[in-house]
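Student: Below: one structure in structure tokens.
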Amino acid sequence: MVHSTLPPITEILDARRGEEMALNDRYLNPQMGRILRTLGFDKEWRGGEGAHLIDASGERYLDLFGGYGVFALGRNHPEVVAAIEEVMAARTANLPQLGVTLLSGVLAEQLLERAPDSVAAMVPANSGTEAVEAAIKIARAATGRQRVLYAEHAFHGLTMGSLSINGNDEFRGGFEPLLAGCDPVPFGDLDALTRALEGPPVAALVLEPVQGKGVNIPPPGYLASAQSLCRAAGTLFVCDEVQTGLARTGRFLALEHWQLEPDIVCIAKALSGGMVPIGAALVSRSAFDRVFDGMERAVRHGSTFGGNDLAAAAALATLRVIDQERLVARAEQLGALLLELTAPLVEHYEVVRAVRGLGLMWAIEFGPPSGRAARMLWEAVEGRQAGLFAQLVTVPLFHEHRILCQVAGHRMNTIKVLPALTVEEEEIRRFAQALEQTVAKAEHYPRALARLGVRLGRGAAGARR
Ligand SMILES: Cc1ncc(COP(=O)(O)O)c(C=O)c1O
């Protein structure tokens, strides 16, 4: 129980430099420490600027992981930093609780101006999963129905409600029983959705317009038809734009690609420029009013920090930067360039199964080569741990090219990138070139890479224990 006196933050950052891995292993997540060491990703990160992370020796790494997609504006965007400093300096009457504040009202106004007309109110939250929890609760209370449909492979967060509509067993296992009445449907399959809607009444269908796990793009017409089927069934149509929103796919919200008019839109991640936890559910007037339908029900959903001034100020600055730097158009253009540069890999390399993307949400998927010897090597590597081949690409990209990216999901041979939307065209070209070199090596020198794979396999297997 004895504790040391704490110096100011700048002193901590200086005096305790280099202790982060040891502290993580002692107090936070030692299994994550093992993964980082195994892959050689255990860097001492000293700073972040724009599209880059900077290590202790001052080397810059192109960050295509983007903190799980929160750094759409790049790291430490000066306008967001300034907004945070400004709101702190203003000493606002933050979170009066029995009272309301200006900045979250302006944020709601600004978001709703940019969202489809089908939504008219904002429920503030502090993260993506909280925005999704709000959507599930609102859908149930507004419709008086229990069932919630979600897509296979969906990811909506890891708290109990959002986990109940998570389409990946590796996240669900061990936490059951989850929420009753949550049923999966195959993403992109309208017949299956029709059948599911014919069963007991459904409160909501929750979909990511583009699935984050694997960057799965819906078949043409799927989302609009899904929305129509929901309308006909009295089911709320919920778009989870936590990852796809805020200009990522070359539209402010990805739903604009298909002119969707959802009943609820969930946003989070990039909304505060990556600087402050934030989330929000944008909700139709009718659903909102059916849930908050009297004074005694005014606080039936919410959260202490929801709508706080720090997050709202960062979010307002983020919206301003998206407009000023024309990030929607930039994501569309640079995304098209990335696809153009990388699509030929499918023809050129046997192991490349697909390259897909929408705006600056992009993925490359690997699969076994056709030759017998090469296939055996592939199987030897994959036998150790499914999805290991993709790590044979991410590890050299990191160590040889100083590019940080990762697999798109557990045991997946798909690499996903979510660059800062402010990234320079030159960096996109550098990534495409580095990727091709790395994939070429992986295909031409499978033995050396297989050895590396075995090493990683051992480490990764150990890390799971
Ligand atoms: C589509 C989607 N929804 C929800 C979440 C959960 O967000 P958070 O991690 O902020 O809870 C994520 C996180 O990756 C996501 O990609």
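The opening position of the sequence shown corresponds to residue 553 in the working numbering, with each subsequent residue numbered one higher. Glycine included, each C-beta is placed from N, C-alpha and C at the ideal position.
Can you list, in chain order, the residues of its chain whose CB lies under 6 angstroms from that of Gly709, leaving out five sequence neighbours each side?
Tutor: Excluding residues within five positions, the ones whose Cβ falls inside 6 angstroms are Gly680, Thr681 and Val684.
Student: Could you have a look at Cys782 and say whether DSSP puts it in helix, strand or coil?
Tutor: Reduced to three states, the DSSP call for Cys782 is helix.
Student: Considering Phe950, what are the terminal residues of the alpha helix (DSSP H) in which it resides?
Tutor: Start and end: Leu940 to His953.
Student: How would you call Val790, buried or exposed, if buried means at least 16 neighbouring beta carbons within 10 angstroms?
Tutor: Val790 is buried by the Cβ-count criterion.
Student: Are Leu546 and Ala778 closer than 9 angstroms when you measure CB to CB?
Tutor: This structure leaves residue 546 out entirely; the chain is present only between 553 and 1017.
Student: If you measure from the CB of Leu820, is any heavy atom of ligand 1 nearer than 8 angstroms?
Tutor: A small fix is needed here, since residue 820 is Ala in this sequence, not Leu. Yes - ligand 1 has a heavy atom lying nearer than 8 angstroms to the Cβ of Ala820.
Student: In this structure, how does DSSP classify Gly618 when only helix, strand and coil are distinguished?
Tutor: Helix.
Student: Mind listing, in chain order, the continuous alpha helix (DSSP H) runs of no fewer than 4 residues lying wholly within the region 683-766?
Tutor: Runs found: 712-716, 721-724 and 742-750.
Student: Residues in its own chain within less than 6 angstroms of Pro753 by CB, not counting five upstream and five downstream?
Tutor: Within the same chain, Pro753 has close Cβ partners Arg697.
Student: Got a sec: does ligand 1 put a non-hydrogen atom nearer than 8 angstroms to the Cβ of Gly1032?
Tutor: Limits of the chain in this structure are 553 at one end and 1017 at the other, which puts residue 1032 out of reach.
Student: Just tell me which of Leu940, Val907 and Arg936 has its CA closest to the CA of Glu988.
Tutor: Of the listed residues, the one whose Cα sits closest to Glu988 is Val907.
Student: Go ahead and label Pro676 buried or exposed: buried means 16 or more other beta carbons lie within 10 angstroms of its beta carbon, across all protein chains shown.
Tutor: Burial call: buried.
Student: Whole angstroms is fine: what's the gap from Val633's alpha carbon to Leu890's?
Tutor: Their Cα atoms are separated by approximately 29 angstroms.
Student: Got a sec? Which residues, its chain only, sit under 7 angstroms from Ser714 by beta carbon, not counting five neighbours each side?
Tutor: For Ser714, where only same-chain residues beyond five positions count, the Cβ hits under 7 angstroms are Thr681, Val684, Glu685 and His708.
Student: To the nearest whole angstrom, what separates the beta carbons of Leu616 and Val969, a pair I think is in contact under 8 angstroms?
Tutor: The pair is a contact, with the Cβ atoms about 4 angstroms apart (cut-off 8 angstroms).
Student: Can you tell me where the beta strand (DSSP E) with Leu973 in it begins and where it stops?
Tutor: From DSSP, Leu973 is part of no beta strand (DSSP E); its letter is neither H nor E.
Student: Does ligand 1 have a heavy atom nearer than 8 angstroms to the CB of His604?
Tutor: Checking the Cβ of His604 against ligand 1 gives no.
Student: Say the cut is 8 angstroms; is the CB of Thr541 nearer than that to a heavy atom of ligand 1?
Tutor: Given a span of 553 to 1017 for the chain in the structure shown, any question on residue 541 remains unanswerable.
Student: Could you check the C-alpha separation between Thr557 and Phe844 for me, to the nearest Å?
Tutor: When rounded, the distance between both Cα atoms is 46 angstroms.
Student: Is the Cβ-Cβ distance between Ala624 and Leu749 less than 9 angstroms?
Tutor: Contact flag unset, no.
Student: For Asn965 versus Gly939, is the C-beta spacing smaller than 9 angstroms?
Tutor: Closer than 9 angstroms, so yes.
Student: Do you know how far the Cα of Met573 is from the Cα of Tyr579?
Tutor: In a straight line, the C-alpha of Tyr579 is about 10 angstroms away from that of Met573.
Student: How far does the alpha helix (DSSP H) with His900 in it reach, from first residue to last?
Tutor: Counting along the chain, the alpha helix (DSSP H) containing His900 begins and ends at Leu897 to His900.
Student: Which residues bound the beta strand (DSSP E) around Phe789?
Tutor: Phe789 -> beta strand (DSSP E) spans Leu788 to Asp792.
Student: Would you please verify whether the beta carbon of Tyr613 is less than 9 angstroms from any beta carbon of chain D?
Tutor: The structure shown contains no chain D; it holds only a single protein chain.
Student: Excluding the 5 residues flanking Arg724 on each side, which residues of the same chain have their C-beta closer than 7 angstroms to its C-beta?
Tutor: The answer, listed in chain order, is Leu715, Asn718 and Leu730.
Student: Going by other Cβ atoms of all chains shown within 10 Å of its Cβ, with 16 needed for buried, is Arg800 buried or exposed?
Tutor: Result: buried.
Student: Mind checking which residues open and close the beta strand (DSSP E) that includes Gly599?
Tutor: Per DSSP, Gly599 belongs to the beta strand (DSSP E) from Trp597 to Glu601.
Student: One question on the structure: do Asp815 and Leu781 come within less than 9 angstroms of each other, judged by their Cβ atoms?
Tutor: The answer is no: Cβ separation not under 9 angstroms.
Student: At which residues does the beta strand (DSSP E) containing Met913 begin and terminate?
Tutor: That run of the beta strand (DSSP E) goes Met913 to Phe918.
Student: Please work out which residues of its chain come closer than 7 angstroms, Cβ to Cβ, to Leu862, disregarding the five sequence neighbours upstream and downstream, and give them in chain order.
Tutor: So the list reads Ile636, Val639 and Val828, once near-sequence residues are dropped.
Student: Taking DSSP as the reference, what is the three-state secondary structure of Gln583?
Tutor: If DSSP states are grouped into helix, strand and coil, Gln583 belongs with the helices.
Student: In three-state terms, what does DSSP make of Pro630?
Tutor: Of the three classes helix, strand and coil, the one that applies to Pro630 here is helix, per DSSP.
Student: Between which residues of its own chain and His951 is the CB-CB distance below 7 angstroms, once the five residues before and five after are set aside?
Tutor: The residues are Gly592.
Student: Could you tell me which residues DSSP puts in a beta bridge with Gly831?
Tutor: Answer is Ala677, bridged to Gly831.
Student: Ignore the nearest five residues each way along the sequence and tell me which others in Gly626's own chain have a CB closer than 7 angstroms to its CB.
Tutor: So the list reads Gly602, Ala603, Ala972 and Thr974, once near-sequence residues are dropped.
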